[in-house]
Every structure is written in C-alpha cells, then in structure tokens.
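Take 1 as the starting number for the sequence shown in the numbering used here and just add one per residue. Glycine included, each C-beta is placed from N, C-alpha and C at the ideal position. Computed from a predicted model, the values in this text were never measured in an experiment. Below is one structure, written out as structure tokens; comments come after it.
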Amino acid sequence: MKVELLVRSGCSSCAQAEAIWRLVVDEREFELAVLDVAEAAGSTRAEQLALKAVPAVLMDGELKAVGVVCIQEARELTQAAPLKAHAMLRRMGMFFSVENRWFIVSAQVYLMLAGIGLVLNGSLLSDSASRPAFLHLFTLGFLLFMIYGLGAHMLPRFTGNPLVEGSTWSWVQMGLAHVGVTAYAVGYFAGWQALTLGGAVFAWCSLLIFLLRVWPVLWPNKRS
C-alpha cells in the first residue's frame, strides 16, 4: 500500500495533515510519500487529478480525500495494512496505556481513603453508618478500578486479540465509575438512599462500557 499526501509549502492545513499521517505510518506497514505541488512530482500528480485544493490523500494512485482527515479516519483508510511490531505490542497490552495508569492510580487513592476512614472513624468493627460507606470505597472503588486497569491491560495478552487504547469510551467509563463510587459512598454515609441508588446506576453503566470494550477481545469477529 502506498499513500501519497499532496501538500503546498506554507500551508498550515498541509502541515497538520502531514503530522497526522506521520503518526499513522509509524503504526502500520505502508509507504508514505509527501509531495509538494510546487515541485515537479507533486505538480504532475495534481494535474493528473485536476486537484484544486490541498492537502489531498491518494492511496495506490486513487484520490481518497481532500482536506485534513482526522487520525481516526486515517487509521480507517489504512486498516488493511499490517500493524508494525511496536504498535502491535501497545495494542496487545505489553505497555500500560495512559487511561490504564489512571485506573490503577485511582484504585490506590480509593484504597487509602477507605483505610484511613475505617481506622480514624473507628468503623472497622463498629455498626455505624460510616462503616458501609468506607467499605464500599474499598470494594467498589479500589477493586473496581483495579479490575478496569489490569483487565484492559492483561486480557489482550491472554487472548492474543488487540484492544485499542485511548478511545473516548475508556475515559467515559472512568468518569462514570468515579461519579458512581463517590455518590454511592456519600449516599451511604449521609443516609441518602436516592444518592446511593444513583451511584449504583453510574457504576453499573461504567461496567457496561467496560464489557462492550473487552467483548471484541474475548470473542473477536472471525472475519477481522
């Protein structure tokens, strides 16, 4: 596969497009050629296709896009090309992604809050209203976030199927989990049943997103 990016010197959009395609070519095995339309090779290409604007993307000689394509669109255009070794390692869970690091850090924070609360409030062995609140900081906070962080990291290694990191859904999952854990614990501590129920709903939604993210890892489409 050969990708040709037609650009023009001094064009800010062209510089942006080139930066995106440099990232994508670092991930997949294809040839990238950046051609300036002010030079002979680029000018010839532009004349052949009667191009009036740049940047423009050609794949194996066929015009695919005019203008700046986002990185996701560029990845979709080149998905037929095999992943490079280092990119495959990232997707196979060999290295911690940014979101998985934050899941693990969050788990440690909830563990510390649960431990401090149980000890300082004397609720470890008591039947006070604060005891279930701090216990849920451990069970729903620490354990849930550890499962999220380690699960997304380890499952691709065990199954051999990639999990694409850095998606918007992983951050939505994290946000819902934080709101859910906080609302659940505060609801128990304050005796507000509605807040506790709301927290449970948010936590359940984060679990649902996690399931949808890891499902292709556990049972991938055989055609892909």
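Short of 8 Å from the beta carbon of residue 214, and not among the five residues preceding or following it, lie these beta carbons of its own chain, in chain order: 151, 152, 155, 163. Less than 8 Å divides the Cβ of residue 65 from the Cβ of residue 56. For residue 33, the uninterrupted beta strand (DSSP E) run begins and ends at 31-36, by DSSP.
Judged by DSSP secondary structure, residue 1 falls outside any beta strand (DSSP E); it is assigned neither H nor E. The Cβ atoms of residue 200 and residue 180 sit closer than 8 Å to each other. Assignment of beta-bridge partners to residue 83 by DSSP yields 28. For residue 62, the uninterrupted beta strand (DSSP E) run begins and ends at 62-66, by DSSP.
The beta carbon of residue 110 lies closer than 6 Å to those of 137, 141, 142 in the same chain, with the five residues before and after it left out. CA-to-CA, the gap between residue 118 and residue 131 works out to about 7 Å. DSSP lists no beta-bridge partner residue for residue 203. Taking C-beta atoms as the reference points, residue 24 and residue 74 count as a pair closer than 8 Å.
In this structure, residue 20 lies away from residue 104, with their beta-carbon atoms at least 8 Å apart.
Here residue 56 is bridged, per DSSP, to 6, 66. Residue 17 is a Cβ neighbour of residue 68, given a cutoff of 8 Å. Your pair residue 7 and residue 36 checks out as a contact, with CB atoms roughly 6 Å apart and the cut at 8 Å. In this structure residue 63 is in contact with residue 49, their Cβ atoms being roughly 5 Å apart against a cut-off of 8 Å.
An exposed status is given to residue 12, since fewer than 16 other beta-carbon atoms sit within 10 Å of its beta-carbon.
Counting along the chain, residue 189 sits inside the alpha helix (DSSP H) bounded by residues 168-190. Around the beta-carbon of residue 101, fewer than 16 other beta-carbon atoms lie within 10 Å, marking it exposed. Around the CB of residue 211, fewer than 16 other CB atoms lie within 10 Å, so the residue is classed as exposed.
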